[in-house]
Each structure stands twice: as structure tokens, then as C-alpha cells.
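Student: Dropping the structure in here first, questions after.
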Amino acid sequence: MDFLSDLVKKLDDEHTTIAAEGKSSAEFSGTIDTGSYILNAALSGSLYGGVPNNKITAFAGETATGKTFFVLGVISQFLETNPDGGVFYFDTESAVTNQMMESRGIDVNRVIKSEPETIQKFRHTSIQVLDNYCEQPEDERRPMLMVLDSLGQLSSSKELEDTAEGKETRDMTKAQVLKAAFRVLNLKLAKAQVPMIVTNHTYDVVGSYVPMKEMSGGSGLKYSASSIVMLSKKKERDGTDVVGNIIKAKMQKSRLSRENKEVEVLLTYDKGLDRYYGLIELGVSAGVFKKAANRIVLPDDKKIYAKQIYDNPSEYFDNSVMEKLEDHARKVFQYGSPEVEEDSIFDVEDEVANGTEY
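Residue numbers (the numbering used here): 55 to 412.
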């Protein structure tokens, strides 16, 4: 419409455009693979999607739910997909070693590590990094990913000062400082087309009618994050040995897929996130596979155990099967798709996993 174009022209503001031009910073040009098909679907509505490449994504959970390993998986996929890209990693827990990164296939020469003690230092450094990044001509910018691991470990300047002086008063300004930091960073990240992954601690909500978990740090991250994934775990065994954790990932918040959807991923101690775990259950939900007691019925009516499929995934998840699973994943997880009448697909998993031969 001419009058809208004229209005935009008269405003002469680089941040004001016609929506159809797709120049808004809310638009994103792609996603970052998480290393797990089913987690990709929960985050973006597609098995081949993942974390949006210009927004804040949060992974929150209690201790030892694998938050850092989720992040390392995303970093590995990001660097593999972007050979000229780099990562800026805020490690507030002094927990991630070079050996940990290298064991996940991460080139440590392409990672900058920073260890801020306070929210204010994190905010200042982040803004400096993004401002310097945006000073480069857009066609010369290399892909960049920023990580904060973890938000819950950051102190405030006041908290450090009070501790140094021997005071035990609670810092009532911390949540406000965090909220202000993310309010500034959110728009800067979007305009720079730089994604940020944030890990955070959770705690039990006291007095809740039903057991509930809440993220630490107040509401700042809640409002700014495009997606918030709440993590909880149970052990995965091979015989009597615990070989990893099955992580329940629930979409507490999502602007790109349906909220409150829950999936399960397998995080092994030696390999990290299993790419195919969860697809059997999605396949049963889609009608590609069937369940018979504690076995899975394949399209050719052959019955085998789930473990056999996951041990040789490429044999059973061929292009034809993956196309059907992708179509079903879009129906289950995407906004705007018809509702799929089904029980939780991971009710199926519990029945399969509880089989004696799984």
C-alpha cells in the first residue's frame, strides 16, 4: 500500500519497515541443530530444526541434568555447520575444560571463554562483543554463538561488596539488574542475528498445590527467552551399569512451537546426546511403527526390540521413514497445525523402556 510505504519513507528510521520486507530483527534465517532429532522438533516443530539463530534459548534444571552437555552439543553442531563461525562462552562455574569440549568434537581455537563474576560484568562484556560485532560490514560478519553457563551462578556487584564486608543481607536488587541486562541484550542479539544459549538453575516452589519447579533469577530470562526448556532426569542402564541419563525436556515456553510438549532424550556419558532417541515413540504415534508387548513392529511386520533399532538407527530410520516422522512431528509440535489426538508419545516410551529386553 502506497501510503504505508510513504509513511515509512518519511519516518526515515532504519528500524521501521514494512513487515512484508522481512527486515524485522524478529525474523531469523535458520536454526542450530541440537544433536537430537526429537529435541529439534520440540524447539522448532521440525526434526531438522533446533535453536533459532538470533534468539535467547534457556535450558533450566536441577543439578546434574546435563545442561552443560546440551550446550556443548549445540556448540559442536554450530561449529560443524559454520566452518568460519566462532563461540563466545561465559563460564560462570569454571566447570568446562578444554578436554570436555574436545571430547564433544569442539575446536577450542574457535571458542572464546570469559569468566565474569557479576551480572554487571556479563552485561558489559556482552554489549561490547555485540557492538564490536555489529561494527563490521554485514556481509563480512562471521556466524557467532554466545553462551551463558550458568545464569544462576552469577552474583551482583552489591552481593560481592556485601560479602567482602561480612554482611549477610540479601541483595534485593539482583533480579532487577538481571531483568535490565536481558532487556538490553535481547534486542541487540536479534539485530545482530546472534543466538544466545543460557543455562539456569531451578528450585522447588514452596507452598505450591502440585510440585513445581521455578527458574532462579527472577523474571528477566522468562520474558526475554524465546524458548525455555525445563530438564529433569532418570537413569539409563545397560544391564546393571548406569551408562547415562534419560532427560525429560518440557517446553515451558516457546514462541516457535507448542508449549508444554514434553520429549525425552538420551544423554550418554561417552557420546553425549543420542541423535535418534525418541524417534521410535514418535513413529508409534505416527503409525509408522506399532508396539507388541515389549517389542516394536516394523513396517514389514518384523518384530524387534527397541534397543536393536537404536543400536543401528540408520538401518531402520531410512529416508522414507524420516519423511513420515517429519510430517508427523510438524503436526505434533508446530503452531498452527491440526491437533493430533494422541496420548503423550512418551507414554509409549515408558512401556517400551520397561520391557525386559530394552
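All C-beta atoms in this analysis are idealised placements derived from N, C-alpha and C, irrespective of residue type, glycine included.
Here's a check: name, in chain order, each residue in its chain whose Cβ is nearer than 6 Å to the Cβ of ASP225, leaving out the five neighbours to either side.
Tutor: Translated into the one-based positions of the sequence shown, residue 225 becomes position 171. Counting only Cβ-Cβ distances below 6 Å, and skipping sequence neighbours, we find SER210, LYS212, GLU213.
Student: Give me whichever residues DSSP pairs with THR85 in a beta bridge.
Tutor: For the purposes of this step, residue 85 is taken as residue 31 along the sequence shown, with counting starting at 1. THR85 pairs with PRO106.
Student: With distances taken from CA atoms, which of ALA347, ILE92, THR70 is nearest GLN388?
Tutor: Locating residue 388 in the sequence shown gives position 334, where the first residue counts as 1. Nearest C-alpha to GLN388: ILE92.
Student: Helix, strand or coil: which one does DSSP assign to GLN247?
Tutor: In the sequence shown, the residue the question calls residue 247 occupies position 193. In this structure, GLN247 counts as coil in the three-state DSSP scheme.
Student: Less than 7 Å between the C-beta atoms of ARG309 and SER273, yes or no?
Tutor: Sequence index remark: in the sequence shown, residue 309 carries index 255 (1-based). Sequence index remark: in the sequence shown, residue 273 carries index 219 (1-based). No. Outside cutoff.
Student: Which runs of the alpha helix (DSSP H), 4 residues or longer, sit entirely within the region 195 to 253?
Tutor: Segments of the alpha helix (DSSP H) lying fully in the region 195 to 253: 211 to 218, 228 to 246.
Student: For LEU239, which residues of its own chain have a beta-carbon under 6 Å away from its beta-carbon, when the five flanking residues on both sides are left out?
Tutor: Translated into positions along the sequence shown, residue 239 becomes position 185. Hits under 6 Å: SER180.
Student: By a C-beta neighbour count over all protein chains shown, 10 Å radius and 16 as the cutoff for buried, is TYR370 buried or exposed?
Tutor: Mapped onto the sequence shown, residue 370 falls at position 316. With 16 or more other Cβ atoms within 10 Å, it is buried.
Student: Hey, does ARG312 have any beta-carbon neighbour from chain C nearer than 7 Å?
Tutor: Within the model displayed, chain C is absent; a lone protein chain is all it includes.
Student: MET154 and VAL165 look like a contact to me (Cβ under 8 Å); what is the Cβ gap, rounded to whole Å?
Tutor: For this step, residue 154 is matched to residue 100 along the sequence shown. For this step, residue 165 is matched to residue 111 along the sequence shown. Their Cβ separation, rounded to whole angstroms, is 11 Å, which puts MET154 and VAL165 out of contact at 8 Å.
Student: How many angstroms separate the CA atom of LEU232 from the CA atom of LYS175?
Tutor: Within the sequence shown, residue 232 is the residue found at index 178, counting from 1. Within the sequence shown, residue 175 is the residue found at index 121, counting from 1. Using only the alpha carbons, I get a separation of about 11 Å.
Student: Since I believe ASN107 is in contact with SER90 (beta carbons under 8 Å), could you give me their beta-carbon distance rounded to a whole number of angstroms?
Tutor: Counting from one through the sequence shown, the residue named residue 90 turns up at place 36. Counting from one through the sequence shown, the residue named residue 107 turns up at place 53. Between ASN107 and SER90 the Cβ distance is about 17 Å, and since that is not below 8 Å, they are no contact.
Student: Which complete alpha helix (DSSP H) runs does the region 150 to 176 hold, if anything under 4 residues is left out?
Tutor: For the region 150 to 176, whole alpha helix (DSSP H) runs of length 4 or above, ordered along the chain, are 152 to 157.
Student: How many Å lie between ALA340 and GLU68 at the Cα?
Tutor: One-based indexing of the sequence shown puts residue 340 at position 286. One-based indexing of the sequence shown puts residue 68 at position 14. Approximately 46 Å, taken between the alpha carbons.
Student: Can you give me the C-alpha to C-alpha distance between ALA244 and ALA234, rounded to a whole angstrom?
Tutor: Locating residue 244 in the sequence shown gives position 190, where the first residue counts as 1. Locating residue 234 in the sequence shown gives position 180, where the first residue counts as 1. Taking the straight line joining both Cα atoms gives about 16 Å.
Student: Does the beta-carbon distance from ILE301 to GLY120 come in below 7 Å?
Tutor: For the purposes of this step, residue 301 is taken as the residue at position 247 of the sequence shown. For the purposes of this step, residue 120 is taken as the residue at position 66 of the sequence shown. Cβ atoms of ILE301 and GLY120: closer than 7 Å.
Student: Alpha carbon to alpha carbon, what distance is there between ASP354 and LYS267?
Tutor: One-based indexing of the sequence shown puts residue 267 at position 213. One-based indexing of the sequence shown puts residue 354 at position 300. Answer to the nearest angstrom: the Cα atoms are 44 Å apart.
Student: Pick out whichever of LYS228, MET269, ASN254 has its Cα sitting closest to the Cα of VAL260.
Tutor: If you number the sequence shown from 1, residue 260 lands on position 206. Of LYS228, MET269, ASN254, the residue nearest in Cα terms is MET269.
Student: So for HIS382, helix, strand or coil by DSSP?
Tutor: As a first step, residue 382 must be located in the sequence shown, where it is residue number 328. In this structure, HIS382 counts as helix in the three-state DSSP scheme.
Student: Would you mind working out which of SER100, PHE142, THR85 sits nearest GLU169, comparing C-alpha positions?
Tutor: Here residue 169 is taken as the residue at index 115 of the sequence shown, counted from 1. Nearest C-alpha to GLU169: PHE142.
Student: With a cut-off of 8 Å on the beta carbons, I'd call LEU327 and GLY127 a contact; round off their distance for me.
Tutor: Reading the sequence shown from its first residue, position 273 is the one you call residue 327. Reading the sequence shown from its first residue, position 73 is the one you call residue 127. Correct: roughly 5 Å between the Cβ atoms.
Student: Mind reading off the beta-carbon distance from PHE113 to VAL283? Whole number of angstroms is fine, and I expect it under 8 Å.
Tutor: Taking the first residue of the sequence shown as position 1, residue 113 is located at position 59. Taking the first residue of the sequence shown as position 1, residue 283 is located at position 229. The Cβ separation is near 5 Å, so the contact holds.
Student: What residue range is occupied by the uninterrupted beta strand (DSSP E) comprising LEU320?
Tutor: The sequence position of residue 320 within the sequence shown is 266, counting from 1. Per DSSP, LEU320 belongs to the beta strand (DSSP E) from 316 to 322.
Student: Going by beta carbon distance, what residues of the same chain come within less than 6 Å of GLU396, once the five residues before and after it are set aside?
Tutor: If you number the sequence shown from 1, residue 396 lands on position 342. Caution is warranted here: a pLDDT of 49 is assigned to GLU396, below 50, making its placement in the model unreliable, and no coordinate value can be reported.
Student: Exposed or buried, what is PRO137 when buried is set at 16 or more other beta-carbons lying within 10 Å of its beta-carbon?
Tutor: By one-based count along the sequence shown, residue 137 stands at place 83. It counts as exposed.
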